[in-house]
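Number of protein chains: 2
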Amino acid sequence: MGRRKIEMKMVTDRSCRQVTFSKRRTGLFKKANELATLCAVQIAIIVFSPGGKPFSFGNPGVEPVVGRFLNRGDEHHDGQLNGIQRRIQLEKKRGEALEKALARAKASAAAAGGGSDSLISRSVEEMGMEELVEMRRRLVDLREQLDGRAVEMEASSTLLLLSNKSESAGDSRGGSWGGGRRRRSVAKWRD
Amino acid sequence: MGRRKIEMKMVTDRSCRQVTFSKRRTGLFKKANELATLCAVQIAIIVFSPGGKPFSFGNPGVEPVVGRFLNRGDEHHDGQLNGIQRRIQLEKKRGEALEKALARAKASAAAAGGGSDSLISRSVEEMGMEELVEMRRRLVDLREQLDGRAVEMEASSTLLLLSNKSESAGDSRGGSWGGGRRRRSVAKWRD
DNA sequence: TCATCTATTTATAAATG
DNA sequence: TCATTTATAAATAGATG
C-alpha cells in the first residue's frame, strides 16, 4: 500500500515507527467511522501510542460501548434486554460458594462505610504481592456485584458505574473522536 | 475500493449491510493487528454487529487495554515508566483529601480480611443506587492503589492485576494473551 | 520536525459460482 | 446463503519540500 511492501514485523526505527503509527491510527479510525456510518453499529477503539499515550474512537462514544461489552453476562446473549430475574437465577445456581464470597464483599463495603481511617497504617507500597492479589480478588467480587446489579439499570446509569470517575454521570453523547476520557474533547492527533 | 464508489450513508438493505459489516469488520481487525505488530502497541476494538452481537479484538487482550484506559488518572501522561516514586509524588500533591480516601480504601480491604460474614444481611439487589455508587468509588480508589503498585511489577503481574477474572485467586500465570472477556478467546469472525 | 505527494499495495463492492 | 473472483477505490511507504 505504499511504494514498497513492508514486512509485518515491528518497525525497528523509533522515528519511522511513530510515523507509521500516526498514519495507520488515522486510517484505522477512519475505517471505524465508515463502518459505524455504513452499518449503523456501535464501535469503540482504544490504542496506546508507542509513547504510551491513549487515543480512542467511539460511536456513540467509547464508554457506552465498553460498558455494554463489560456488562454483558457471559451466559446470555439475549441481545436486547433481559430481566434481572434471569440473572439472579443464574447466580443462585452458582451455589453457596458464591453466596459466601458475596457476603464477604458486602461486609467489606459496609465496613469501609463506617471505616476507622487509621486502622491500617502500612502503605500500599509496602504490601506484598500476595496481599495485593488477595485485595484484587475481593475487588473483583465487588465488581461482579456491581455488574450484576447494573443489568437492571438503563444505559446512563450503567455508564455511571463503569466510567472511572463519575463527574460525567450524565449521558454525554455524540460520536467522538479522540480521547474518550473526560478531559480530551475532540482529537489528539499528535503523540 | 470496490467496483464502484459508495456513499457514506447507512446501507439501507439489511442483507447488504450485513455483508458490508462482515467484510469491513474483518478488514478493520486485520488493520488493527497490523498496527499492533508494526508498532508494538496495545489496542482494543469492540464492535456490535447490526444484530447486536459483540465482536472484539485486542492486543494483548481487550480487558488489559480497556483497564489501562479506564484506570488512567487524567493528570499524568508520563508515557514510559516512571518509578513508583514519581507516582507517589503526584499522589501526595493531590493533598490530604486523597490521603484520607486511600486510607479508607485500605481499611475497607483489611476489614474484609477479618470479615464477619453475617454482618450484612441485605442482598446487593436490595441496595440503592447511591450505595452502589459509593461502593464503586471505593473500588476505584483500591484499583488506583493497585495500579500505582503495578508499575513496579513486570508485565505478567500487571496483567494479573488488571484482567477481570482469575479463577485461581492464587497466582495464575501466563496471562490470557488475546481473549476479550473471560470466555471469549480472541475474535469472533462470524455474526 | 512535519505536511504533502505519488507509486504501489491493499481493501473491498459487485459480480460470479 | 456463502465463498471466490475481479475491477476499482482507498490507504499508505517512502520521497520530497
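Sequence lines, in order, name chains S and X.
Residue numbering for the first sequence follows UniProt numbering, starting at 1 and increasing by one per position.
Residue numbering for the second sequence follows UniProt numbering, starting at 1 and increasing by one per position.
By construction, the Cβ of each residue, glycine as well, lies at the ideal position given by its N, Cα and C atoms.
- In chain S, no part has a C-beta under 7 Å from the C-beta of X/Thr12; the shortest such distance is about 10 Å.
- Of all C-beta pairs linking the segment 13-23 of chain X to the segment 7-23 of chain S, fewer than three are shorter than 8 Å, placing the two stretches out of contact.
- For X/Pro60, no Cβ of chain S is located within less than 8 Å of the residue's own Cβ.
- Taking 8 Å as the upper bound for CB-CB distance, X/Asn59 and X/Ala36 are in contact here, some 4 Å apart.
- At a cut-off of 8 Å, the C-beta of X/Thr26 has no neighbouring C-beta in chain S.
- When DSSP states are grouped into helix, strand and coil, X/Ser49 belongs to the coil group.
- Assignment of X/Gly58 by DSSP, reduced to helix, strand and coil, places it in the strand class.
- Excluding residues up to 5 positions away in sequence, Ile46, Phe48 lie with their Cβ nearer than 7 Å to the Cβ of X/Pro54 in the same chain.
- S/Ala44 is a Cβ neighbour of S/Val66, given a cutoff of 8 Å.
- The bridge partners DSSP lists for X/Ala40 come to none.
- Chain-order list of chain X residues neighbouring S/Lys30: empty, with the shortest C-beta distance near 10 Å, by a criterion of under 9 Å.
- A Cβ-Cβ distance of about 7 Å is found for the pair S/Lys31 and X/Gly27, placing them in contact under the 8 Å criterion.
- At a cut-off of 8 Å between C-beta atoms, S/Ser15 does not count as an interface residue with respect to chain X.
- At a beta-carbon threshold of 9 Å, the residues of chain S lying near X/Pro54 are Arg68, Phe69, Arg72, His77, ordered along the chain.
- Taking the Cβ atoms as the reference, X/Phe57 lies roughly 5 Å from X/Phe29, within the contact range of under 8 Å.
- DSSP places X/Gly2 outside both helix and strand once states are collapsed to three, so it counts as coil.
- X/Thr20 carries a helical assignment under DSSP once its states are collapsed to helix, strand and coil.
- Around the Cβ of X/Arg14, a 10 Å sphere holds fewer than 16 other Cβ atoms; the residue is exposed.
- Within chain X, Glu34, Thr37, Leu38 have C-beta atoms less than 8 Å from the C-beta of S/Met8, given in sequence order.
- Distances from the alpha-carbon of S/Val62 to those of S/Gly52, S/Gln42, S/Lys23, S/Gly51 put S/Gln42 closest.
- Taking X/Lys23 as reference, the option from S/Glu34, S/Arg24, S/Arg25, S/Lys23 with the minimal CA-CA separation is S/Glu34.
- Burial is judged here by how many other beta carbons sit within 10 angstroms of a residue's own beta carbon; S/Arg4 has fewer than 16 and is exposed.
- When the five nearest sequence neighbours on each side are left out, the beta carbons in the same chain lying within less than 7 Å of the beta carbon of X/Pro50 are those of Arg17, Gln18, Phe21, in order along the chain.
- If you draw a straight line from the Cα of X/Thr12 to the Cα of S/Gly52, it is about 40 Å long.
- Shown here, X/Thr12 sits in coil according to DSSP, grouped into three states, outside any helix or strand.
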